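For our numbering, count along the sequence shown from 1 and bump the result up by 1. Note that beta-carbon positions come from the ideal geometry of N, C-alpha and C, so glycine has one too. Quick caveat: nothing in here was measured; it's all calculated off a predicted structure.
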Amino acid sequence: DALKKAMHGSEFVGYESATTTGTIVGIIAQDRLCESITEADAVPPTIEHKPDQLVTVILDKTSFYGESGGQVGDTGWIEGPNGKFEVINTQREGGFFLHRGVLREGSVELGQEIHAHVDEGRRKAIRRAHTATHLVHAALQHFLGSHAVQQGSKVDADILRFDFSHAAPVGHELLRDIEAMANESTLVAAPVSANLLPLEEARHAGAMMLFGEKYPDVVRMVSIDGISRELCGGTHVDNTGEIGLVKIIHEESVSAGTRRVVAITGHRALERFRQAEATLIESANTLKVPVPDLPTRLNSLTKELKTLKRQAETNQADISIDELLNSAEEVAGVRIVVADAKGCNAAAMRQCIDQLRRKASPIAVLLGSTDNGKVTLVAGISREVESKGVSAGTWIREPASLVGGRGGGRPDLAQAGGKLAAKLPEALAHAKQEIRSSLED
Ligand SMILES: [Zn+2]
C-alpha cells in the first residue's frame, strides 16, 4: 500500500516488445517490503513453489503481461547487474505488475536498473491461443447467431477455453463448420492491429460490445482485418497466419445457457496431430493393414470374434450330441437321454437339449454336470412328450433333491442346482428310472 501511495503503477510496454529495461521499485518477500534479496534468502530451485515462497519484484516499466482478462501472466527473467531473478508468473494489482518468482543468482536490490526478458516462445504461444479466441468468437457468432457472445475465457500457451451464451449443445457438424471458419481466418493471413480510441468511436467502428458491460472512456480496440473488432487488452499475433492450425478438441456445458469450447493452436495442435498419427500407425501395424483400412479391419475382426465365441459355445455342446443319441433308449416311441454332460455349463446344456429336440423328437432329456463341487441339472422334453402328461419341472424335482438342491421350471424345460457332486450318478440313475415308468404308464 505504501508503494501504491508513492506511485501510480507500472508502465506496460509488453504490447510492443518482449524485453525492456526498467528500475526495481519494489521487492516483497514473505509479505514484507525489502531493500534487497540475496541468493541466501532464495528458495532452492528444485522444490515446488508455493505462492508464499515466491518473491515479488515490481518495476517502474515492464514487458511482462500480468494475468488478466482470462489470459495467463508471462514468465521469463529479470537480470540486474548482480543477479538473475526468474519470473514464474506475473499478476496485476491496482495498476502494478507483480513479477512473482525466485532469485536464481546473486542479488537484486531497490533502485537497480534491470533488463526484463519475457519467455518469448511461451508468449508467442499465448498470443496464438489468445488471437484464436477472437476467430472462434467470430465463427460462433456467424453460425449460432449474435446471442453467442463471450462469457469468459482462459488463455494459456497454445490452448484456450472459450465460454459463450448458447442454450443447447453445438453438435458435431456445426462445431466442424465453426472450426473450419476459424481456420479459413488463419489461412487468409489477416493483419491484426490494436489502437486506443474513444469508446464512442469504437462503437461506431462496429466493435463487439456486451450489453450492460461498463467500458472506460478510452478503449483498446483489436481489429482483425475483415474478420472481427473487439475491445481487448490481451496480447495478439500481428497476422492470423502466425496461429497455425486451430483445432477444437472439446465442447461442453458450463451452466444453464452457457457452453464452452476448448481449442488448441500452433505447436500443441501439431503435437496432437503427431500423437494421433502415431497411434494410428501403431494400430495399423499391429493389424497388418494400411491406415485407411483400419475401420473395415476392426469391424470384420469384431464380427469374426463374435462368431468364434458363439461357435465355441455351441461346439462344447455339439461334441456329445451324436454320442448322446447313440446311447439313447426308446420307451413307447420316445427317446430317453439321461447323461453326465461333463464340463458343460447350464447354457451349453440347454443348447444341447434344444439340438436334441430338433434332431430326435419325441425325446426326453435330462443332463447333469459338476463344477467345483456344485451340481447343475437341466431337463427338457419335446412337445409330444409334454402332451403325454409328462413335465420337465416335475421330472427334475427328485433328482434335484438327491444332489441336495432344488429346482423347477416350465413343463418343457427345467433347471436345478445342488451341492452334492458325488450324488450326480445316483440322481441320473433315478431320473432315468422315473421317466421310463412315466412313459410306460
Ligand atoms: Zn484479444
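Keeping to the same chain, check which residues put their C-beta closer than 8 Å to that of residue 361; ignore five residues upstream and five downstream.
Result list for residue 361: 326, 329 and 336, in chain order.
Count the other CB atoms within 10 Å of the CB of residue 256; is the residue buried (16 or more) or exposed (fewer)?
Counting Cβ neighbours within 10 Å, residue 256 comes out exposed, since fewer than 16 surround it.
Given the structure, does residue 231 come close to ligand 1, in the sense that its CB is under 7 Å from one of the ligand's heavy atoms?
The answer is yes for residue 231.
Would you kindly report the start and end of the unbroken beta strand (DSSP E) that includes residue 28?
Unbroken beta strand (DSSP E) run through residue 28: 20-30.
Alpha carbon to alpha carbon, how far is residue 381 from residue 1? Give it in angstroms, no decimals.
This structure does not reach residue 1, given that the chain is present from 2 up to 442, and the question cannot be answered.
With DSSP as the reference, identify every bridge partner of residue 369, one or two as the case may be.
Residue 369 is bridged to 341 and 378.
Output yes if chain D places a C-beta closer than 8 Å to the C-beta of residue 229; else output no.
As a matter of chain content, chain D is missing from the structure shown, which is built from one protein chain.
When the distance is taken between beta carbons, is residue 133 closer than 8 Å to residue 266?
Yes, Cβ-Cβ distance for residue 266 and residue 133 is below 8 Å.
Does any heavy atom of ligand 1 sit closer than 7 Å to the C-beta of residue 223?
At least one heavy atom of ligand 1 is nearer than 7 Å to the Cβ of residue 223, so yes.
Could you tell me the alpha carbon to alpha carbon distance between residue 209 and residue 104, rounded to whole angstroms?
Cα-Cα distance, rounded: 43 Å.
Using a threshold of 8 Å, state whether the C-beta atoms of residue 334 and residue 296 are closer than that.
Result no, Cβ atoms of residue 334 and residue 296 do not sit closer than 8 Å.
Sorted by chain position, which residues of the same chain lie with C-beta nearer than 6 Å to residue 229's C-beta, five sequence neighbours on each side aside?
Taken in chain order, the residues that qualify are 135 and 139.
Which residue spans inside the stretch 165-216 form an unbroken beta strand (DSSP E) run of at least 3?
Within the stretch 165-216, the complete beta strand (DSSP E) runs of at least 3 residues are 193-199.
Find out if the Cβ-Cβ distance for the pair residue 102, residue 56 is shorter than 8 Å.
A contact, by the Cβ cut-off of 8 Å.
Just checking my contact of residue 163 with residue 98 at CB under 8 Å: how many whole Å lie between their CB atoms?
The Cβ separation is near 25 Å, so there is no contact.
Using C-beta distances below 6 Å, list every residue in its chain close to residue 392, excluding the 5 sequence neighbours before and after it, in chain order.
Counting only Cβ-Cβ distances below 6 Å, and skipping sequence neighbours, we find 412.
When DSSP labels each residue in this structure, what does residue 290 get in the three-state scheme?
Three-state DSSP puts residue 290 in coil, outside helix and strand.
Could you say which of 385, 259, 270 and 292 lies nearest to residue 280 if we only look at CA atoms?
Comparing Cα-Cα distances from residue 280 to each of 385, 259, 270 and 292, the minimum goes to 292.
Excluding the 5 residues flanking residue 1 on each side, which residues of the same chain have their C-beta closer than 7 Å to its C-beta?
Residue 1 lies beyond the range of the chain shown here (2 to 442); nothing can be said about it.
Would a C-beta distance cut-off of 8 Å place residue 367 and residue 378 closer than the cut-off?
Against a cut-off of 8 Å, the Cβ pair of residue 378 and residue 367 comes out as a contact.
Along the chain, where does the alpha helix (DSSP H) that runs through residue 411 open and close?
That residue, residue 411, is in no alpha helix (DSSP H); it is neither H nor E in DSSP.
Whole angstroms are fine: how far does the CA of residue 150 sit from the CA of residue 285?
Each residue's Cα considered, the two are about 43 Å apart.
Out of 82, 66 and 81, state which residue places its alpha-carbon closest to the alpha-carbon of residue 92.
Nearest of 82, 66 and 81 to residue 92, Cα basis: 66.
Would a C-beta distance cut-off of 8 Å place residue 76 and residue 58 closer than the cut-off?
Cβ distance not < 8 Å, so residue 76 and residue 58 don't count as in contact.
Quick check: the Cα distance between residue 174 and residue 249, rounded to an integer number of angstroms?
Their backbone Cα atoms lie some 12 Å apart in a straight line.
Could you give the distance in angstroms between the alpha-carbon of residue 197 and the alpha-carbon of residue 54?
Rounded to the nearest angstrom, the two C-alpha atoms are 38 Å apart.
Which residues mark the beginning and the end of the alpha helix (DSSP H) in which residue 246 is found?
Per DSSP, residue 246 belongs to no alpha helix (DSSP H) and is neither H nor E.
Do you know offhand how far residue 62's Cα is from residue 11's?
Cα-Cα distance, rounded: 5 Å.
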